[in-house]
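Residue numbers (the numbering used here): 204 to 961.
Here a beta-carbon is modelled for each residue, glycine too, at the ideal position from N, C-alpha and C.
Fair warning: this is a prediction, and the values are worked out from it, not measured in the lab.
Shown next, in structure tokens, is the structure this report addresses.
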Ligand code: ADP
Ligand code: ZN
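If you want it as structure tokens, here you go:
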């Protein structure tokens, strides 16, 4: 320890307090290095904290408690990782202890068991050779079963797992124990790495040579300076993955660096991972939220020890414990799932840029439809723009046509043909004929409807009341098989009622389409077609996602129907038709990003069509065909969309023209919640008055969804083009605001750079 503070260290604890804590180090305990975990007493419990270094003797509390244990020999967090967490704590205004906890795998966070258990399996190994037949006859004279096991072990190389022998080959434990007692075999524990992706065959690598545009992009990135950021704007099917792979090959294989590849959670399929595994094999570690704590820890450990050099994962993979980082790739950088929805509400794209700067790595942000934020940064020269304007292999972007849902047709207007009136209302003639033709040619179709369930709400035809959740200001969605009403916000479930709860009326009607209903209508219309549905309800199992996609890849599925899940990354050359059942879900949400989301989703899903030599087409059913998001998607015109959308973000001003923070006040009682919001905004307005129009405070107002999980919600928006000023204002609010502790359970949540204002 440095002499200035003998035996005292500063510790960050994962508690919601904006401070660190001083502890004494008992002379008999190993002195912790910066970044290692310490087990400490805190209040009446023990906690795991991170040692931040020697304590400054100035602010010594009266009574210093001693640390209990230092479980790690090596620090779990490098100096760079601590710096990254410090940035996250400062920018998003969260306590440093919570930021540090976020950067570590869950398995390292338990104070009761600081050392995570590794998984072991029992191995049976031959211990003594029996070279001659004579010996064998003698040893096994009375034990033919033992001989059988022994010779089987010999024939498979002298070892096997115990499980294999007992379960697959059904040898009994008494036979094995007999062999062990006689010293012929040993049974011992062996640590195994839990890598659920390891058992998947990885297939052959892409052997294409890069196109001219790909080559230019690869050259620019591999020649970049540390900390440089590139925006790779490549249309769907332009071969962005090959660019990522070539960059990683150069940095990892030739220059001995490491890399992180971030992909959106729902695109983190085995199919995506396979493309990287095919090139980098065992160098890849996959960090997936569906992994168990143990599996995640094993992957983390392999990266930390340098056994694996490339981390592929969703948002939290930005904290992969790699040293000597060469590149961070953020695929589909516009995806909102890169923003964490709870404290700390960080954006992985922002952290990627900060981490790269700290570690001297480069960043590649890839997208066919970059976020307006990244586009603005490329225009201002902060990022370098790289373009892949064409599909590879001479493929063209698919022709997109609009089907106007306002044009005739309705449940009361039956038409000729095999289809039911309900089907004809949902899938209009043009889309129906296209589906039929594609089925006839044994090609495949993808249908998008971004709403799960059967119907989106239940309406009383007498009093027009809709059935809403008792805890949230949201309608309940009808789900079939089993039939129930479900809240997509809080999970509340109830049985469908036969009568209106408000007026007692007996004619309740279901309105609004969900994927379950479209699936049923389709299977009635095309009884011999194989239809797969992919949404949150069909993909709850760990591999469910992968199984559906494998079936599509093998050609077994004729029509893949799903929510936005099917819009990302899928590369199936036999898909020649993409249909959007209803483009308007979400387009009118009271959120300044609603158009941007709609444009991105339509462009992404359209990009699934015509990726092979057979080409493809796209049909979009909509009630707002002249909406600029729809128009620009149809024209494949990203540049036009951005120009128009940026114009719309000036008045009222929204990102990327300004910076935004959303402060949400919530509580069990409406009055108290509103009062808290009003009081906070008044204090804040007074505090920032001297900054004039450099910062504006808007609200308070009820959130668009004013009640969620029984909590009333009010919010306040802060806008400024000056990020430092915004930080100061947010800090003032979070640190100075007195939140009364009463039965209302009031809370304040700060969301900096929010991706949604609902
Ligand atoms: P994106 O992510 O840009 O939509 P992908 O990376 O999925 O596109 O690539 C689309 C398809 O093009 C893939 O099947 C890929 O193997 C193929 N591909 C990529 N680069 C080349 C190339 N230089 N020559 C031929 N095919 C390529
Ligand atoms: Zn609810």
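Looking at residue 968 and the ligand ZN, is the gap between the Cβ and the nearest heavy atom below 8 Å?
Nothing can be reported for residue 968: it is not among the residues displayed for the chain, which extend from 204 to 961.
Kindly indicate which residue of 219, 523 and 926 has the alpha-carbon position closest to the one of residue 859.
That would be 926, whose Cα lies nearest to the Cα of residue 859.
When the Cα atoms are used, what is the spatial distance from residue 344 to residue 362?
Note on geometry: alpha-carbon atoms of residue 344 and residue 362 lie some 23 Å from one another.
Less than 8 Å separating the Cβ of residue 571 from some heavy atom of the ligand ADP?
Correct: residue 571 has its Cβ closer than 8 Å to the ligand ADP.
Give the DSSP-derived three-state secondary structure of residue 578 in the structure shown.
Helix.
Any 3 or more C-beta pairs closer than 8 Å across the region 640 to 655 and the region 863 to 877:
By the Cβ test, the region 640 to 655 is not in contact with the region 863 to 877, since fewer than three Cβ pairs between them sit closer than 8 Å.
From the DSSP output, in three-state form, read off residue 439 for me.
DSSP, read as helix, strand or coil, puts residue 439 in coil.
Going by alpha carbons, who is nearest to residue 701 out of 226, 693 and 710?
Residue 701 has its Cα closest to that of 710, out of 226, 693 and 710.
Going by the CB atoms, is the gap between residue 803 and residue 439 shorter than 9 Å?
Contact check for residue 439 against residue 803 fails: the beta carbons are separated by 9 Å or more.
Which one of 678, 788 and 671 has the shortest CA to CA distance from residue 651?
The shortest C-alpha to C-alpha distance from residue 651 to any of 678, 788 and 671 is the one to 788.
Considering Cα atoms alone, identify which of 654, 542, 499 and 773 is closest to residue 518.
The option with the nearest alpha carbon to residue 518 is 542.
Leaving out the 5 sequence neighbours to the left and right, which residues in its chain are closer than 8 Å to residue 318 when beta-carbon positions are compared?
274, listed in sequence order.
Please list the terminal residues of the continuous beta strand (DSSP E) segment that includes residue 658.
DSSP places residue 658 in the uninterrupted beta strand (DSSP E) bounded by 658 to 663.
Buried or exposed: residue 954, going by 16 or more other Cβ atoms within 10 Å of its Cβ?
The residue in question, residue 954, is buried, as its Cβ has 16 or more Cβ neighbours within 10 Å.
Alpha carbon to alpha carbon, what distance is there between residue 311 and residue 253?
Their backbone Cα atoms lie some 11 Å apart in a straight line.
Ends of the beta strand (DSSP E) at residue 825?
In the DSSP annotation of this structure, the continuous segment of the beta strand (DSSP E) that includes residue 825 starts and ends at 820 to 825.
Below 8 Å, is the gap between the Cβ of residue 675 and the nearest heavy atom of the ligand ZN?
Under cutoff, so the answer is yes.
Please classify residue 590: does DSSP put it in a helix, a strand, or coil?
In this structure, residue 590 counts as strand in the three-state DSSP scheme.
Just to check my reading of the structure: residue 769 and residue 605 have Cβ atoms closer than 8 Å, yes? What is that Cβ distance to the nearest angstrom?
With 8 Å as the limit, residue 769 and residue 605 do not qualify as a contact, their Cβ atoms being about 20 Å apart.
Between which two residues does the beta strand (DSSP E) holding residue 680 run?
Per DSSP, the continuous beta strand (DSSP E) segment holding residue 680 begins and ends at 680 to 682.
For residue 922: DSSP bridge partner residues
Looking at the DSSP output, residue 922 sits in a beta bridge with 863 and 899.
Note down, in chain order, each residue of its chain lying with its Cβ closer than 8 Å to the Cβ of residue 284, except the 5 sequence neighbours on either side.
Same-chain partners within the cutoff: 238, 306, 522 and 524.
In the DSSP assignment, the alpha helix (DSSP H) including residue 831 goes from what residue to what residue?
First-last of the alpha helix (DSSP H) with residue 831: 831 to 837.
Should the region 265 to 281 be called in touch with the region 227 to 243, which here means at least 3 C-beta pairs below 8 Å?
Under the three-pair Cβ rule at 8 Å, the region 265 to 281 counts as touching the region 227 to 243.
Could you check the C-alpha separation between residue 508 and residue 486 for me, to the nearest Å?
If you take the alpha carbons of residue 508 and residue 486, they lie about 12 Å apart.
Counting pairs of beta carbons, one from the region 447 to 457 and one from the region 473 to 486, are three or more of them closer than 8 Å?
Between the region 447 to 457 and the region 473 to 486 there are three or more inter-stretch CB-CB distances shorter than 8 Å, so the stretches are counted as touching.
In the DSSP assignment, what residue or residues form a beta bridge with residue 933?
Looking at the DSSP assignment, residue 933 forms no beta bridge with any residue, so it has no partner.
Could you please give the first and the last residue of the uninterrupted alpha helix (DSSP H) stretch that includes residue 748?
In the DSSP annotation of this structure, the continuous segment of the alpha helix (DSSP H) that includes residue 748 starts and ends at 747 to 756.
Residue 244 - containing beta strand (DSSP E), residue span
For residue 244, the enclosing beta strand (DSSP E) starts and ends at 240 to 245.
I need the DSSP call for residue 259, collapsed to helix, strand or coil.
Correct three-state label for residue 259: coil.
For a test of the three-state rule: what should DSSP assign to residue 221, helix, strand or coil?
Coil.
Residue 469, DSSP secondary structure in three states:
Helix, per DSSP.
Sheet register partners of residue 362 (DSSP bridge):
Residue 362 is bridged by DSSP to 328.
Is the CB-CB distance between residue 734 and residue 753 below 9 Å?
Residue 753 is positioned such that its CB atom lies no closer than 9 Å to that of residue 734.
At which residues does the alpha helix (DSSP H) containing residue 846 begin and terminate?
Counting along the chain, the alpha helix (DSSP H) containing residue 846 begins and ends at 841 to 851.
Delimiting residues of the beta strand (DSSP E) encompassing residue 779
Looking at the DSSP string, the run of the beta strand (DSSP E) that includes residue 779 is 778 to 783.
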